[in-house]
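Note sheet for the following structure.
In the UniProt record's numbering, the protein residues as written are 1 to 313.
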């Protein structure tokens, strides 16, 4: 990728994360908001993993996937939130070049892994509802482990490629990133390299990530809806739909925020920041709530843990 200037990225030792363009007195409010949401992310996702690991009744493929979802949500929000909160109090608001690339790498790894994991969860619900007699055979422990490992592999491969491409960019005009974390689009804006090849590869990566996962989710739910509508019992239809509603809610929140983020024109960076906030912090906070409030098994497991705690006390 050709340079438009004489300097290159090796001369950049750090970047400045502008964050949200608000009055200084509002930084305290934003810090408290981030702190509250991040605390809820920690409590919710650690709690969900603890419930799944301690209750034998939740030793099923669905909860195996859900435990991994909570792990991913916990870590990719942790890649973003602490540094963003520190910058609310920092005068320099700087992040080292290595720190920026690490943040880019880890966030891409976890967000892509989550996309593939949600597709695996949709397939799991498809088998559970459309082929219940074969569920234990088709969704074996080995196969579920392979699906999760495959999700992490796709996330790692994409992240390595994305970060490697970013390392080839030159940043000779500015080191000020108009965002609250290091993301690909804000870094493109301050690069003085020819971005044609970079954007083509990024578009290709987005296509092979989003299209297959969205297709699997849509096709799975088409079959699920078709099967559920054939159930004569109203109670049976309600029960079948209830097993999918939590997953569908999580998918809608995540993909809605991601699509809004990447379809927002570059001339509206503040809107992109709000969308980014939704899928970096709000979605990881909501996922445990969605699954705990909509899932009878999780509520019963949580009730059992609380009863044991009260007995001990």
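C-beta atoms are modelled at their ideal positions from N, C-alpha and C, and glycine is treated no differently.
Model, not experiment: these values are computed from the prediction.
Neighbour-count burial assignment, residue i, 16 or more Cβ in a 10 Å radius
i	result
residue 139	buried
residue 142	exposed
residue 295	buried
residue 116	buried
residue 25	exposed
residue 166	buried
residue 134	exposed
residue 72	buried
residue 67	buried
residue 200	exposed
residue 10	Low local confidence applies: a pLDDT of 46 at residue 10 is under 50, so the model's placement there is unreliable, with the coordinate-based value given in what follows. Exposed.
residue 240	buried
residue 153	exposed
residue 132	exposed
residue 109	buried
residue 232	exposed
residue 207	exposed
residue 84	buried
residue 306	exposed
residue 275	buried
residue 254	buried
residue 93	buried
residue 315	Residue 315 lies beyond the stretch modelled for the chain, which goes from 1 to 313, so this question has no answer here.
residue 90	exposed
Sub-9 Å separation of residue i and residue j beta-carbons
i	j	result
residue 81	residue 15	no
residue 147	residue 284	no
residue 243	residue 57	no
residue 162	residue 184	yes
residue 96	residue 158	no
residue 144	residue 61	yes
residue 290	residue 258	no
residue 113	residue 156	yes
residue 28	residue 88	yes
residue 288	residue 59	no
residue 280	residue 107	yes
residue 118	residue 217	yes
residue 137	residue 103	no
residue 187	residue 278	no
residue 160	residue 196	no
residue 367	residue 38	Any property of residue 367 remains undetermined from this structure, which presents the chain solely from 1 to 313.
residue 198	residue 168	yes
Rounded distance between the beta-carbons of residue j and residue i, thought under 8 Å
i	j	result
residue 272	residue 261	6 Å
residue 192	residue 164	Residue 192 to residue 164, Cβ: 19 Å. No contact.
residue 120	residue 180	At roughly 30 Å, the Cβ-Cβ gap does not stay under 8 Å, so residue 120 and residue 180 are not in contact.
residue 221	residue 122	7 Å
residue 70	residue 48	4 Å
residue 317	residue 265	Because residue 317 is not part of the residues shown, which for the chain are 1 to 313, the question remains open.
residue 20	residue 30	6 Å
residue 174	residue 190	5 Å
residue 299	residue 292	6 Å
residue 76	residue 111	6 Å
residue 237	residue 228	5 Å
Proximity test, residue i beta-carbon vs the ligand ZN heavy atom, cut-off 8 Å
i	result
residue 120	Absence of the ligand ZN from the depicted structure is noted, as is the absence of any ligand whatsoever, leaving it without description.
**Request:** Enumerate, from N- to C-terminal direction, the unbroken alpha helix (DSSP H) stretches of 4 or more residues contained entirely within the region 181-252.
**Result:** Within the region 181-252, the runs of alpha helix (DSSP H) at least 4 residues long that lie entirely inside it are, in chain order, 184-190 and 196-229.
**Message:** Restricting to runs no shorter than 3 residues, where is the beta strand (DSSP E) found entirely within the region 43-83?
**Reply:** With a minimum length of 3 residues, no continuous beta strand (DSSP E) run stays inside the region 43-83.
**Prompt:** Within the chosen definition, does the region 41-61 reach the region 200-220 through at least 3 CB pairs nearer than 8 Å?
**Reply:** Flag = no, the region 41-61 and the region 200-220 do not touch.
**Prompt:** Of all the beta strand (DSSP E) runs that stay within the bounds of the region 103-143, which reach a length of 3 or more residues?
**Reply:** Fully enclosed beta strand (DSSP E) runs of no fewer than 3 residues are not present anywhere in the region 103-143.
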